[in-house]
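Structure record follows, encoded as structure tokens.
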Amino acid sequence: MKKIIISLCLFLSALSVSSQVNTDRVMMIGKNALYFEDYVLAIQYFNQVISAKSYLAEPYYFRAMAKFMLDDFKGAEEDANLCLERNSYYTAAYQLRGAARQNQDKFELAATDYQRSLEFFPEDRLTLVNMAIVNVEMKHFEVAEKFFEVLLRRFPDYVPGYLTRGQMHLEQKDTLSALTDYNKAIEIDPYTAQSFSARGLLHFQQKDYNKALADLDEAIRLDPFFTGNYINRGLVKYNLNDLRGAMADYDRVIETDENNLIARFNRGLLRAQVADNNRAIRDFDKVIELEPENTMAYINRAMLHAEIGDNTNAIQDLNFVLNEHPDFFTGYYMRAEMKRQLNDLRGAERDYMTARNEEAKAKKRATVDAADGRKLAEESKDTREETDKDIDKFNLLVVADKETSEKNQTKYQRESRGRVQDLNAKVALEPKFVLTYYDKGFEVNRPVYFSESMESANQVLNLNWKLKAVNNEAALNELQVQTHFRSIDNFSRLLVQNPNDSKLYFGRGMDFMLVQDYENALKDINRAIELQPGFLQSYFVRAVILSKQVELDPLLPPETVAQEPVVGINPADRLKDLPQIAKTKIPEVSTKSFKYDTILKDYETILRIDPNFIFAYYNMAEIYSLEKDYRAAIDSYSKAIKIEPQFAEAYFNRGLSKLSIGETASGLDDLRKAGELGVVESYSIIKRMQ
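The working numbering numbers the first residue of the sequence shown as 12 and each following residue consecutively.
Right, dumping it as structure tokens:
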């Protein structure tokens, strides 16, 4: 009996250990998925851990992180609550919950969380910035100022702190202090486009148009892909009577984004001013197509229809406007004249009398307002904000709302907090190529690279999906995740019947890789290589898996969560730098070179099998770049380009490698070619280098 009890205890102990190992492994796979931005998949893995061990705090925290990245701020807050219920010292959860609450405009609760975080780490600059911001949101400017003082005393060269405080000063109408902060930000870092944008807009508001133009020119030079700067520069040029220059800026915006409402509306007004009526009508047609309730566009189009003698369509547009604004007496006067020209004298007289009545009411209201001492807010005579629906401003150029632009672009410079390196186009290599079934596509088309061996592999494998080599792999959605889990089960059943079929191992290995289970993926791919050593795609997949495992090496151990300060938790940068999952830096040869040697051997094997497999040369070059062996990287990229002369990504990366060793002229030539082939980031780098 005693032996039975001992045996049972040993069995249960072993079962518990096995469960612990499996839970840890699922947790790590979930973190892998989170790191690679497969948020839906990550949530599923964390759900499994929570089901098995609901008393753990960590899976709730990481599930909250994934929900935050999917804009489920309420869900993120709830999971952070569950995390803190289990471990009240999990400081990262306070920062994450604060960010989630801040995005839901729960500013007081967010401030409470940030204050709690500051008790643990009183000099964490991201938390200090967020504390200042929530106090600004609550109009507690004196409190916010104190946090800025602490922040900038501790980090006197922190550019986002100055930009954020400058925004606060603007809310307080203290333009002099705001200008001082923007000047300081530019003095510290003259290569930050956002600083020049902010100062340029301030100069524009002060009607110092020449200084505004100089700042916006510099902002565009540093970041030529942010369309907001072109719109604002167009407004500046308009005020400097440079209509042709303003039109060119709006043309540039519309070339990039044909559905940009502000650029379309403003260009329509400018075209109307130079009597380019038909093209102005087309611009307002597009505005109305995108925003069918835009009465400002209708009235401008009505006037243009009248200009070209199309009174019938003009009246239809005015009917819509007057239905929305029955007190708009100017519209009645316009419609009365159009009806008169169409010989509708009774309708014209009715509109004329209505116009006179509404005008009298408007004058009476204006007199009452003046008697009450009310003053309308001072407005620029040439612009209105986008959400300003005052119909009397129908013919004014549009400037982005302060509220809208701050929320959509950089409210209190949110994009600048914590990730200063992202303010300009990042100087980073194009990603490695991987084998997958899914890709995200590019906004600007790039060349499609033909590979005979890939075509052959797809015919041989006969998988449910077409295998492709891409460097912009897409995260799986929930349906795809479930599909690949079912596919794994199907392959497992087939392998019971055919245990020596390399294609089945390869297919299941691909499924494991797509659901971020790299350990099992590697086992299956190794087995596929044993059974069919001449199949190059297996070596390529193995090299990619090993590369991803190397990339995940910097993960901090779970036990450091409660003790280590969090980096990067704030609403601005969308938390892409995960707090316990640091993005890899350039690895040193001394720490990782032996792992890279294993990967390089796989690529060398691939090139022995197929010397024209360009993706192997490309990925080898990436490893050489990470090891700072730039000449070897250049050589590999050159070999790939020799085989595929339209290899855009290889030109881009080779250009960066050449810049790294001082071959500036040749490097810029490569970047120009990459830009020509669709890698738009090239132009930002070229501008800065020139």
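Just so it is clear, CB atoms sit at the ideal spot from N, CA and C, and this is done for glycine as well. Bear in mind that the values here come from a model prediction, so they are computed numbers and not experimental data.
Whole-number beta carbon distance between serine 647 and tyrosine 635, since they are thought to touch under 8 Å: Tyrosine 635 to serine 647, Cβ: 6 Å. Contact.
Would the stretch 655-666 count as touching the stretch 626-634 if we require 3 or more Cβ pairs under 8 Å? Three or more Cβ pairs closer than 8 Å define a contact, and the stretch 655-666 meets that threshold against the stretch 626-634.
Please classify valine 471 as buried or exposed, where buried requires at least 16 other C-beta atoms within 10 Å of its C-beta. With fewer than 16 other Cβ atoms within 10 Å, it is exposed.
Going by other Cβ atoms of all chains shown within 10 Å of its Cβ, with 16 needed for buried, is serine 668 buried or exposed? Serine 668 should be labelled buried.
Terminal residues of the alpha helix (DSSP H) in which leucine 67 lies: Premise fails: leucine 67 is in no alpha helix (DSSP H) and is neither H nor E.
Three-state secondary structure assigned by DSSP to phenylalanine 479: Reading off the sequence shown, one finds lysine at residue 479, where the question assumed phenylalanine. In the structure shown, lysine 479 sits in a strand (DSSP, three-state: E or B).
For threonine 602, which residues from the same chain have a beta carbon less than 6 Å from its beta carbon, with the 5 sequence-adjacent residues on both sides left out? Only weak support exists for where threonine 602 lies, its pLDDT of 43 falling under 50; the coordinates are left without a value.
Opening and closing residue of the alpha helix (DSSP H) in which threonine 2 lies: The requested residue 2 is not part of the displayed model; the chain covers only 12 to 701.
So, using beta-carbon positions, are leucine 688 and alanine 659 closer together than 8 Å? The answer is yes: Cβ separation under 8 Å.
Contact test: isoleucine 54 Cβ vs the ligand HEM heavy atom, cutoff 7 Å: The ligand HEM is absent from the structure shown, which contains no ligands of any kind.
For glutamate 484, the residue or residues it bridges with in DSSP: According to DSSP, glutamate 484 bridges with Asp450.
Using the DSSP secondary-structure output, state which residues sit across from valine 445 in a beta bridge. Partner(s): Val481.
Own chain partners of glutamine 126 with C-beta closer than 8 Å, once the 5 adjacent residues on each side are dropped: Same-chain partners within the cutoff: Met142.
Between alanine 111 and phenylalanine 131, how many whole angstroms is the CB-CB distance? I'm expecting something under 8 Å. Incorrect: roughly 18 Å between the Cβ atoms, too far for contact.
So the alpha helix (DSSP H) serine 549 belongs to, where does it begin and stop? Looking at the DSSP string, the run of the alpha helix (DSSP H) that includes serine 549 is 547-562.
For arginine 457, which of helix, strand or coil comes out of DSSP? Residue state, collapsed to three classes: coil.
Nearest CA to the CA of arginine 165: which residue from Glu300, Val154, Thr191, Leu137? Across the set Glu300, Val154, Thr191, Leu137, the C-alpha of Leu137 shows the shortest separation from the C-alpha of arginine 165.
Secondary structure, alpha helix (DSSP H): runs of 4+ residues fully inside the stretch 140-187: DSSP runs (the alpha helix (DSSP H)) wholly in the stretch 140-187: 152-165, 170-182.
Counting C-beta neighbours from all protein chains within 10 Å, is the total for valine 32 16 or more, i.e. buried, or is it exposed? For valine 32, the pLDDT reaches just 41, beneath the cut-off of 50, and the residue's location in the model is therefore unreliable, although a value from the coordinates is still provided. Counting the other CB atoms within 10 Å of its CB gives valine 32 a total below 16, which places it among the exposed residues.
Length-filtered (4 minimum) alpha helix (DSSP H) runs lying within the stretch 596-646: Whole alpha helix (DSSP H) segments, 4+ residues: 600-620, 625-637.
The alpha helix (DSSP H) with lysine 702 in it runs from where to where? Because the chain is modelled from 12 through 701, residue 702 falls outside the range shown and cannot be assessed.
Please specify which runs of the alpha helix (DSSP H), each continuous and at least 4 residues long, are wholly inside the stretch 232-258, giving them in chain order. Scanning the stretch 232-258 for uninterrupted alpha helix (DSSP H) segments of 4 residues or longer gives 238-250, listed from N- to C-terminal end.
Which of helix, strand or coil does DSSP assign to phenylalanine 658? Coil at phenylalanine 658, not helix or strand.
Give a yes or no on whether the C-beta atoms belonging to glutamate 369 and phenylalanine 340 are separated by under 8 Å. Between glutamate 369 and phenylalanine 340, the gap from beta carbon to beta carbon is short of 8 Å.
Thinking just about the alpha-carbon of each residue, which of Asp90, Gly256, Tyr309 is nearest to the one in alanine 325? With distances taken between Cα atoms, alanine 325 lies closest to Tyr309.
Does the beta-carbon of arginine 346 have 16 or more other beta-carbons within 10 angstroms, so that it is buried, or is it exposed? Around the beta carbon of arginine 346, 16 or more other beta carbons lie within 10 angstroms, which makes this residue buried.
Rounded straight-line distance, which links the Cα of arginine 361 to that of lysine 374: When rounded, the distance between both Cα atoms is 20 Å.
So, at 6 Å on beta carbons, what are the nonlocal neighbours of isoleucine 231 in its own chain, with the 5 sequence-adjacent residues on each side left out? The residues are Asn240.
Over the uninterrupted alpha helix (DSSP H) stretch that includes alanine 103, give me the two end residues. From DSSP, the alpha helix (DSSP H) with alanine 103 extends over 102-114.
One question on the structure: do valine 51 and glutamate 489 come within less than 8 Å of each other, judged by their Cβ atoms? The Cβ-Cβ distance between valine 51 and glutamate 489 falls below 8 Å.
With distances taken Cα to Cα, identify the nearest neighbour of aspartate 219 among Asp228, Asn250, Phe207, Thr238. For the residues Asp228, Asn250, Phe207, Thr238, the minimum Cα distance to aspartate 219 belongs to Asn250.
So, for alanine 745: in the same chain, excluding its five sequence neighbours on each side, which residues have a beta-carbon less than 6 Å away from its beta-carbon? This structure cannot settle anything about residue 745, because the visible part of the chain is limited to 12 through 701.
Just to confirm the assignment, what range does the alpha helix (DSSP H) spanning serine 62 have? Per DSSP, serine 62 belongs to the alpha helix (DSSP H) from 50-63.
Can you tell me the Cβ-Cβ gap for isoleucine 696 and leucine 682, rounded? I've got them flagged as a contact below 8 Å. Going by Cβ atoms, the distance from isoleucine 696 to leucine 682 rounds to 6 Å, so yes, they are a contact pair.
Between the Cα of arginine 553 and the Cα atoms of Leu563, Phe517, Val526, which residue gives the shortest distance? Relative to arginine 553, the option among Leu563, Phe517, Val526 whose CA is nearest is Phe517.
Distance between phenylalanine 159 and histidine 214 (C-alpha atoms, nearest Å): Whole-angstrom Cα-Cα distance: 24 Å.
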